[in-house]
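Notes for the one structure printed next.
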Amino acid sequence: MNKILFLGVLILFGLVFLYLMFNPPRAKKYNLKRLNLNDDNNLNSEILGKELFVAKSNRKFILPTEFDLWTEIVLFEHCIVFKRNNKEKKLYFSEINEIEPMLINSFFVKGKYFGYIFRCKDNSIIVKSNNIEDLELFMEKLFDLFPKEMIREI
């Protein structure tokens, strides 16, 4: 009797997981934007400028194997500074080719989180909303620095 009950529960869980795998619920809609910067942009790359906004992570320490997580992102007038474990990476606006949005799926929810890929001349940096709490507000402040013609809503 116990084996039949156990087998029935396993079959029920299997059916639920299969249903959720092929028909996942959708998360809320995000207002995502894409920014294309030209190669001949005349943005100054030698000074940071005034600090405009700071977005912090809910995690204090990030393992060295987690390359795409950041503890703090600081927006300046001419630069973005990504911080992780007492190390920082400065990304000047003149180095950015494109800022591209992406949706991040959870195990059972499609589009649960969102993120942005900062494509540079030599590499790319990924920022995710499940790590940075105020990423949506940070990106709005960033897009306010550029003309509306360069920004495209998706």
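Numbering (the UniProt record's numbering), first residue to last: 1 to 154. Glycine included, each C-beta is placed from N, C-alpha and C at the ideal position.
Check whether residue i and residue j have beta carbons under 8 Å apart
i, j, result
"residue 141", "residue 75", "yes"
"residue 69", "residue 125", "no"
"residue 111", "residue 128", "no"
Residue environment, residue i, which counts as buried when at least 16 other CB atoms sit within 10 Å
i, result
"residue 132", "buried"
"residue 139", "buried"
"residue 71", "buried"
"residue 95", "buried"
"residue 93", "buried"
"residue 154", "exposed"
"residue 99", "buried"
Local conformation of residue i per DSSP, three classes
i, result
"residue 22", "helix"
"residue 124", "strand"
"residue 107", "coil"
"residue 11", "helix"
Own chain residues within Cβ distance below 8 Å of residue i, not counting five before or after
i, result
"residue 151", "33, 34, 35, 143"
6 Å CB neighbourhood of residue i in its chain, flanking five on each side removed
i, result
"residue 103", "111, 114"
Proximity test, Cβ basis, 8 Å: residue i and chain D
i, result
"residue 132", "Given the protein chain composition of this structure (a single chain), no chain D is represented."
7 Å CB neighbourhood of residue i in its chain, flanking five on each side removed
i, result
"residue 30", "114"
Validate contact between the stretch 51-61 and the stretch 103-116 using beta carbons, cut 8 Å, 3 pairs
No, the stretch 51-61 is not in contact with the stretch 103-116.
Three or more C-beta pairs below 8 Å linking the stretch 118-131 and the stretch 142-152:
Contact between the stretch 118-131 and the stretch 142-152 is absent, because fewer than three Cβ pairs lie under 8 Å.
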